[in-house]
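Below: the structure, in structure tokens.
Residue numbers (this note's numbering): 133 to 322.
Shown next, in the form of structure tokens:
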């Protein structure tokens, strides 16, 4: 049985990571930060073709062009995900307790084929249109919680909560363990 070595985020996996964990970290990096830099077409809503990430699905260049509405590029497989397959990507999405990804199958106009698309749900440094509701008034969300590490508290206390390199600041609708709250952040303290 493989052990899972959990890093401190930022997509830095170790060789001892479980393959599902490694692929999840690689997908997080590519879908949140690296798609455009790595030459992977990304739609305005953050979706990319699964075929542009994995090595076992065949989509014709004309179908790819229709699905992404971009010029077909030469690099098709992302090196961080070269060992992944659609089945493994589906396992990663289903097993992720933080619901980091959305995987959908969409029909392509002018054909009878469907393509698989995936996106990160949050945490982007890339500018994408994700389905989030901005909080503009305290009445909209009387309680919000932002999970972080205790070492960050002095800076937050002094400078306030900032999105840093990401597009948004994410909140939970309550305390860990309450309805709608997925889980507690490791190392988080009250």
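C-beta atoms are modelled at their ideal positions from N, C-alpha and C, and glycine is treated no differently.
Given the structure is predicted, the values throughout are model-derived calculations rather than measurements.
Under 8 Å by Cβ, that's how I've got residue i and residue j pegged, so tell me the actual separation to the nearest angstrom.
| i | j | result |
| --- | --- | --- |
| residue 172 | residue 162 | 7 Å |
| residue 218 | residue 225 | Contact flag wrong, Cβ pair sits at about 11 Å. |
| residue 227 | residue 152 | 6 Å |
| residue 275 | residue 180 | Not confirmed; about 35 Å, so no contact. |
| residue 232 | residue 160 | 6 Å |
Can you tell me whether residue i sits near the ligand PLP, meaning its C-beta is under 7 Å from at least one heavy atom of the ligand?
| i | result |
| --- | --- |
| residue 301 | Absent from the structure shown: the ligand PLP. Ligands present: none. |
Considering residue i, what are the terminal residues of the beta strand (DSSP E) in which it resides?
| i | result |
| --- | --- |
| residue 250 | 246–252 |
| residue 235 | 233–239 |
For residue i, which beta-bridge partners are listed by DSSP?
| i | result |
| --- | --- |
| residue 181 | 249 |
| residue 304 | 277 |
With a CB to CB cut of under 8 Å and the five nearest residues on each side skipped, what residues in its chain are close to residue i?
| i | result |
| --- | --- |
| residue 273 | 267, 303, 305 |
| residue 208 | Reliability of the predicted coordinates at residue 208 is poor, the pLDDT of 40 falling under 50, and no value is obtained from them. |
| residue 293 | 278, 301 |
On the DSSP letters alone, give me the boundaries of the alpha helix (DSSP H) that residue i sits inside.
| i | result |
| --- | --- |
| residue 168 | Taken as a continuous stretch (DSSP letters only), residue 168 belongs to no alpha helix (DSSP H), as it is neither H nor E. |
| residue 175 | Where residue 175 is concerned, there is no enclosing alpha helix (DSSP H), given that its DSSP letter is neither H nor E. |
| residue 152 | 151–161 |
| residue 121 | Look at the range of the chain in this structure, 133 to 322, and you will see that residue 121 is not part of it. |
| residue 287 | 285–291 |
Starting from the C-beta of residue i, find all residues in its chain whose C-beta is less than 6 Å away, skip the five residues before and the five after it, and write them out in chain order.
| i | result |
| --- | --- |
| residue 237 | 246, 248 |
| residue 202 | Interpretation of residue 202 is limited by its pLDDT of 39, a score under 50 that renders its predicted location unreliable; the figure taken from the coordinates is listed afterwards. Counting only Cβ-Cβ distances below 6 Å, and skipping sequence neighbours, we find 173. |
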